[in-house]
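What the sequence shown shows, in mature numbering (1 follows the signal peptide of the UniProt record, and there is no 0), is residues -25 to -1, 1 to 121, in sequence order. Here is the structure we will look at, set down as structure tokens.
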Amino acid sequence: MKSKILIFIIIVSVMTALFAAPALAASNIVKITRPDGNEVVEKPIFSICGVCTYDETFIEFQYWDKVTEKFQPLETTDGDLTFKVGSSKLFGKNVELKYKGENHIKVIAYTKATKEDPQTKDYTITYAAEKKSLLDNIRNWLLDKF
């Protein structure tokens, strides 16, 4: 009787690994640590960081193009459209925001096994004009007057 239960447990474990794990994998490929939700920033360069669950995870960024009304590839400041996260499982990349005001950014993560069903996460990053200090305002006013 014990051997039949053991065989049953082994079969269930193998079946779960074969069918359930790949189906759930796309939903948990990467945890984005920055942004931690929608953000308002004062600089046009924005950092996106995360921790991957698997080695060799591929990451892409896209932005909502207001002209074409479609998501377009967003190049990192390193010039990458897609990059691979290796065994460290950590990444941090800078992107240049396309617009003053709202920027809709999509983070896409996948492995070779989940390329057809990637994990996606959407963020709204609002690029506000850089705040000027009171001294900057006084200096600019004086330069305009004299």
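C-beta: ideal position from N, C-alpha, C; glycine also.
| Query | Result |
| --- | --- |
| Helix, strand or coil at K6 according to DSSP, with G and I counted as helix | strand |
| Other residues of its chain near A(-3): CB distance less than 8 Å, five sequence neighbours each side excluded | Model confidence at A(-3) stands at a pLDDT of 48, short of 50, so the residue's coordinates are unreliable; what they give is reported in the following sentence. Closer than 8 Å at the Cβ level, and outside the excluded window around A(-3), lies no residue. |
| Exposed unless 16 or more other CB atoms sit within 10 angstroms - verdict on T86 | buried |
| DSSP three-state assignment for K120, whether helix, strand or coil | helix |
| Nonlocal neighbours in the same chain, by C-beta distance under 7 Å from F60, ignoring five residues either side | Reading off the sequence shown, one finds Val at residue 60, where the question assumed Phe. Cβ neighbours of V60 beyond the five flanking positions: C27, T32, I34 and F66. |
| Straight-line Cα distance separating P48 from I100 | 16 Å |
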